[in-house]
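What follows is one structure encoded as structure tokens, with my remarks underneath.
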Amino acid sequence: MSGLPEDLRAEAAALEAVLTVATEPVPPGVLAELLEVPVERVEQLGAALAASYEADERGFQLARVAGGFRLQSHPAYQGYVERFVFDEAPSKLSPAALETLAIVAYKQPISRAQIAAVRGVNADGVLRVLVQRGYVEPVGRDDGPGQAVLFGTTAEFLERLGLDRVEDLPPLEGFVPDVATVEALEHVLRPDGGP
Amino acid sequence: MSGLPEDLRAEAAALEAVLTVATEPVPPGVLAELLEVPVERVEQLGAALAASYEADERGFQLARVAGGFRLQSHPAYQGYVERFVFDEAPSKLSPAALETLAIVAYKQPISRAQIAAVRGVNADGVLRVLVQRGYVEPVGRDDGPGQAVLFGTTAEFLERLGLDRVEDLPPLEGFVPDVATVEALEHVLRPDGGP
Amino acid sequence: MPYEVHLDVFDGPFAVLLELITAQRVDLYEVRLTDIVDGFLAELARREALDLEAATEFLLIAATLVELKCRRLLPGGDDVDLDEELALFEARDYLLARLVECKTFQSAAEVLAALEQAAARSFPRRSGPDERLSPPAVDLLAGVTAEQVRAAARKALAPRPVERVAVGHVHDDVVSMHAVYDELCRRLPGEGRTSFAALTAGAPTTAHVVACFLALLELYKQELVELEQLTTFGELAVVWQGGAAAPAGGTAMDDYDELATSSPGPGR
Chain A
253 MSGLPEDLRA
263 EAAALEAVLT
273 VATEPVPPGV
283 LAELLEVPVE
293 RVEQLGAALA
303 ASYEADERGF
313 QLARVAGGFR
323 LQSHPAYQGY
333 VERFVFDEAP
343 SKLSPAALET
353 LAIVAYKQPI
363 SRAQIAAVRG
373 VNADGVLRVL
383 VQRGYVEPVG
393 RDDGPGQAVL
403 FGTTAEFLER
413 LGLDRVEDLP
423 PLEGFVPDVA
433 TVEALEHVLR
443 PDGGP
Chain B
253 MSGLPEDLRA
263 EAAALEAVLT
273 VATEPVPPGV
283 LAELLEVPVE
293 RVEQLGAALA
303 ASYEADERGF
313 QLARVAGGFR
323 LQSHPAYQGY
333 VERFVFDEAP
343 SKLSPAALET
353 LAIVAYKQPI
363 SRAQIAAVRG
373 VNADGVLRVL
383 VQRGYVEPVG
393 RDDGPGQAVL
403 FGTTAEFLER
413 LGLDRVEDLP
423 PLEGFVPDVA
433 TVEALEHVLR
443 PDGGP
Chain C
410 MPYEVHLDVF
420 DGPFAVLLEL
430 ITAQRVDLYE
440 VRLTDIVDGF
450 LAELARREAL
460 DLEAATEFLL
470 IAATLVELKC
480 RRLLPGGDDV
490 DLDEELALFE
500 ARDYLLARLV
510 ECKTFQSAAE
520 VLAALEQAAA
530 RSFPRRSGPD
540 ERLSPPAVDL
550 LAGVTAEQVR
560 AAARKALAPR
570 PVERVAVGHV
580 HDDVVSMHAV
590 YDELCRRLPG
600 EGRTSFAALT
610 AGAPTTAHVV
620 ACFLALLELY
630 KQELVELEQL
640 TTFGELAVVW
650 QGGAAAPAGG
660 TAMDDYDELA
670 TSSPGPGR
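Residue numbers (my numbering), protein chains in the order written: chain A, 253 to 447; chain B, 253 to 447; chain C, 410 to 677.
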């Protein structure tokens, strides 16, 4: 944490840690609560970190996007990043992505937490891909505590599958889901941490 | 890029940029191709970056996991990150499952029957759980009669354990009970009751 | 989170024996065998369903222990069969090797758990590229049909496998005690003096041999046969005592068959 005022360093490192794992821009309010500091302090930390990354000519930057802070690749290295992303870009959905898409399609509206509960693993990354591709979108918020964002399929998804309405999906008739799955879908288990 | 040798800085920044957008550990070979440098250079860059993050007491670290480099939050900030991601840790593996996992990890590739022989009981159920968790997968078939499916550990397993390669597992010899323990066991089973 | 893998803690018999030995920290000479047997029985009772495989392994281990203890208690004789002696040593070495191997992997498993715990303190970055990088306009759903989406949904929502030990194959040959008893009653009057080995020479499975033995015991109880065994593990002679005609029916064996049919079978 060289280049940062002594008194900011520990908090700045904690902020870095959180931004490292975040998949969406994190609002300063959320960070303030996590770090148990005033929002102004978060803004100060963010600005100091952003400046130090810039001064250090790091490959990433701390950006203020969509009402939150985000760690992102520095535009100076866009070329490398693009080649990396496009080389790795799949030409079709992974089985995990297709499963997540199917869960959303049949159980919409559904929260991130519910999807994770059904799949048994964190589905954030996969969900991001689906949102990015325009197959899935936020359609509302849950009434429960935390007001989790609920996701549903898009018109684009229906169009790609050649369907008019979600109801035209082939029925899951005669199919008994897992007890754990039913439970997962019935309860909103925890607040969805997303912004 | 303070703290890094001058000649490494530009390449290190490019590497940082790529790791910022990666969702899986990135093998050195892939990075070498992207940066158009030899693999040894990538290893050198990775080690230098990892050391500089640690020296700077950053909130993230550069780890060598499952055959690649990845950015991850520093363990020191586990508390903040945990509260942020709300991620339920995957349910813990039972001692039986862990033991089976250890057998597969050290004896891979290994068949169902061979696992059962070591454990003294049928291991099908435990094995299914491990496969479902993504820690273990079929890796081939035995040449012998019956062509039994052989199992091995996955990249996911390495990631979960924070290991780079299977070879990095602590050597099994280190776990063989010490002479005193073996003697104690032997004593219990001694038929003549002699000293 | 409702998703949890239902793991029965299922230790192999070697793990249990190891635990018994290390927990008691005593030598076989001092420990009462009933303690070990009670330990095994408690372990078996703790398991909800009868598991033949585990029970058999337990039995084998218990038998070996009993044998070892007997050897220790009885003064050694010169008449000990060398083959028997070697077999016992082999059984003992086998047990010892298994215990050592078991302990080795138990320790390894502990270290794996510790590694996992340490690794779990760091969280990987998984954010992926941001929106400044628009992915190439490839239709990832190309060729995907609604039917495939349904199949994926079924797969994702399907019950997860619950850990279960299959014992189906163990139950495969059901031997009717009744039939074996009747068969012996038909056969023995014509045989005069015969041996257990001869009677079971053509037995297709171990279960048939066991059934034959139980049926002989029942016949012995009814005083229809005389049994003679001169040496331990020696030949078991069987002599019919019931006269020329076979008895009317082996109703006594119904108890056995009832037992056999009421024992928990595999869920097929």
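Using N, Cα and C, we set each Cβ at its ideal position, and we do this for glycine too.
DSSP three-state call for residue i: helix, strand or coil?
i, result
"A:G298", "helix"
"C:S531", "coil"
"C:E510", "helix"
"B:A266", "helix"
"C:V435", "Annotation note: pLDDT 48 at C:V435 (below 50); position unreliable, coordinate value reported separately. Looking at C:V435 - three-state DSSP - the assignment turns out to be coil, as it is neither helix nor strand."
"C:A588", "helix"
"C:L645", "strand"
"B:S346", "coil"
"A:V337", "helix"
"C:E572", "Confidence is the limiting factor: at C:E572 the pLDDT is only 47, short of 50, which leaves the residue's position unreliable and the question unanswerable from this model."
"B:R293", "helix"
"C:T554", "coil"
"C:R677", "Low confidence applies here, because C:R677 scores a pLDDT of 37, under 50, leaving its location unreliable; read the following figure in that light. Of the three classes helix, strand and coil, the one that applies to C:R677 here is coil, per DSSP."
"A:L415", "coil"
"C:V446", "helix"
"A:E285", "helix"
"C:S536", "coil"
"C:R541", "coil"
"C:A612", "coil"
"C:A624", "helix"
"A:G331", "helix"
"A:E425", "coil"
"B:D420", "helix"
Tell me the DSSP bridge mates of residue i?
i, result
"C:A424", "None; C:A424 has no bridge partner."
"B:G320", "B:V317"
"A:T312", "Here the sequence assigns Phe to residue 312 of chain A, which means Thr is not the residue at that position. Partner(s): A:S325."
"B:R261", "For B:R261, which the question treats as bridged, DSSP gives no partner whatsoever."
"C:L639", "Answer is none; C:L639 lacks a bridge partner."
"C:R602", "C:V648"
"B:V278", "B:F321"
"C:V634", "C:W649"
Any beta carbon of chain F sitting closer than 8 Å to that of residue i?
i, result
"B:G311", "The chain labelled as chain F is not found among the protein chains of the depicted structure, namely A, B and C."
For residue i, count neighbouring C-beta atoms within 10 Å of its own C-beta (all shown protein chains included) and say buried if the count is 16 or more, exposed if not.
i, result
"C:A606", "exposed"
"A:V317", "exposed"
"A:K359", "buried"
"B:V440", "buried"
"C:V583", "exposed"
"A:S363", "buried"
"C:T513", "buried"
"C:R596", "exposed"
"A:F338", "exposed"
"C:C479", "exposed"
"C:Q638", "exposed"
"A:E336", "Reading the sequence as shown, one finds Phe at residue 336 of chain A and not Glu. It counts as buried."
"C:V475", "exposed"
"C:A496", "exposed"
"B:A269", "buried"
"A:P390", "exposed"
"C:R535", "buried"
"B:Y305", "buried"
Below 7 Å CB to CB, which residues in the same chain sit around residue i once its five sequence neighbours on both sides are set aside?
i, result
"A:G281", "V291"
"C:L628", "L593 and V634"
"B:G392", "P361 and L402"
"A:Y329", "G311"
Whose C-beta lies closer than 8 Å to the C-beta of residue i among residues of the same chain, with five residues either side of it excluded?
i, result
"A:E295", "P280"
"A:A357", "T405, F409, V418 and L421"
"A:L271", "V278, L314, F321, R322 and L323"
"A:A284", "P290, V291, R293 and V294"
"A:L353", "L345, L382, Y387, V388, T405 and F409"
"C:A424", "C511 and Q515"
Could you pull out every residue in the same chain whose Cβ sits closer than 6 Å to the Cβ of residue i, ignoring the five residues on either side in sequence?
i, result
"B:L287", "E263 and A266"
"C:L626", "none"
Sequence ranges, alpha helix (DSSP H) only - wholly within the stretch 357-407 of chain B, length at least 4: 364-371 and 376-385
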